[in-house]
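Undergrad: This is the structure I want to talk about, given as structure tokens.
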Amino acid sequence: MNQTMPNYRFLLVFTNAGNRHADIEKALGCKPTRCYMKGDAIDLEYLPNQTCSVDCWLLESPLSSDASAAEHFNYMSSIIENNQRFIRSLTCAGVMAEVRCILYHSEESFVVPGSVVATLSKCGMQLSIRSQPGTAALIRAVLNENKQNAPKNEHS
Numbered sequence: 003m004n005q006t007m008p009n010y011r012f013l014l015v016f017t018n019a020g021n022r023h024a025d026i027e028k029a030l031g032c033k034p035t036r037c038y039m040k041g042d043a044i045d046l047e048y049l050p051n052q053t054c055s056v057d058c059w060l061l062e063s064p065l066s067s068d069a070s071a072a073e074h075f076n077y078m079s080s081i082i083e084n085n086q087r088f089i090r091s092l093t094c095a096g097v098m099a100e101v102r103c104i105l106y107h108s109e110e111s112f113v114v115p116g117s118v119v120a121t122l123s124k125c126g127m128q129l130s131i132r133s134q135p136g137t138a139a140l141i142r143a144v145l146n147e148n149k150q151n152a153p154k155n156e157h158s
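The opening position of the sequence shown corresponds to residue 3 in the working numbering, with each subsequent residue numbered one higher.
Structure (structure tokens):
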């Protein structure tokens, strides 16, 4: 498996919607990348022995790690635009909905398209941009460890 460290990750996140996870999946027409109820164990190698503090439904952008931030924003925006009424009903009912961008390198910069901001606002959603270079180091360490422990191809 060839895994590379991305510059950033983009997620569509719904929290406090535990009883609506199936509705979200059906309305958006896609399965979540991860889905947790409050207290569930978080199944990430770089977060051992952690539990989820809130229930959440997460969809990570499936675009490649070399896709631009604009491409990731456009992907998320298309899902949101096609489901504005449903998402707005969730946020009006107290569900927190956001597009989350996690930056792994402090030197990264990009522009958030105005159309994306307008769409998020119409739906009562938030945009969260987090710099987490320390997390990047943990993920890199796990990827390197997995690479070192991977079975060797005998025909190489």
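Positions of the beta carbon are idealized from the N, C-alpha and C atoms, including for glycine. These numbers were taken from a predicted model, which means no experiment stands behind them.
Start and end of the beta strand (DSSP E) containing valine 118?
TA: Here residue 118 corresponds to residue number 116 of the sequence shown, with the count starting at 1. Not the beta strand (DSSP E): valine 118 falls in the alpha helix (DSSP H), residues 116-124.
Undergrad: Suppose the cutoff is 8 Å on Cβ atoms and the five residues either side in sequence are ignored; what does the same chain contact list for aspartate 45 look like?
TA: Along the sequence shown, one-based indexing puts residue 45 at 43. Contacts found: Arg36.
Undergrad: Which class does lysine 28 belong to by DSSP, given the choice of helix, strand or coil?
TA: To locate residue 28, count along the sequence shown from 1; it is residue 26. In this structure, lysine 28 counts as helix in the three-state DSSP scheme.
Undergrad: Going by beta-carbon coordinates alone, are leucine 65 and valine 15 separated by less than 8 Å?
TA: Position 63 of the sequence shown, counted from the first residue, corresponds to residue 65. Position 13 of the sequence shown, counted from the first residue, corresponds to residue 15. Not in contact: leucine 65 and valine 15 (Cβ atoms no closer than 8 Å).
Undergrad: Nearest to isoleucine 189 by alpha carbon, out of Gly20, Ser130, Leu122?
TA: Limits of the chain in this structure are 3 at one end and 158 at the other, which puts residue 189 out of reach.
Undergrad: I need the straight-line Cα distance from valine 56 to threonine 17, nearest angstrom please.
TA: The count along the sequence shown starts at 1 and reaches residue 56 at position 54. The count along the sequence shown starts at 1 and reaches residue 17 at position 15. For valine 56 and threonine 17, the distance between alpha carbons rounds to 7 Å.
Undergrad: Output needed for alanine 43: all residues of its chain with C-beta closer than 7 Å, excluding positions within five of it in sequence on either side, in chain order.
TA: As a first step, residue 43 must be located in the sequence shown, where it is residue number 41. Correct list, in chain order: Thr53.
Undergrad: Take glycine 41 as the anchor and find which of Ala29, Ala24, Gly20 has the nearest alpha-carbon.
TA: Position 39 of the sequence shown, counted from the first residue, corresponds to residue 41. Per the Cα distances, Gly20.
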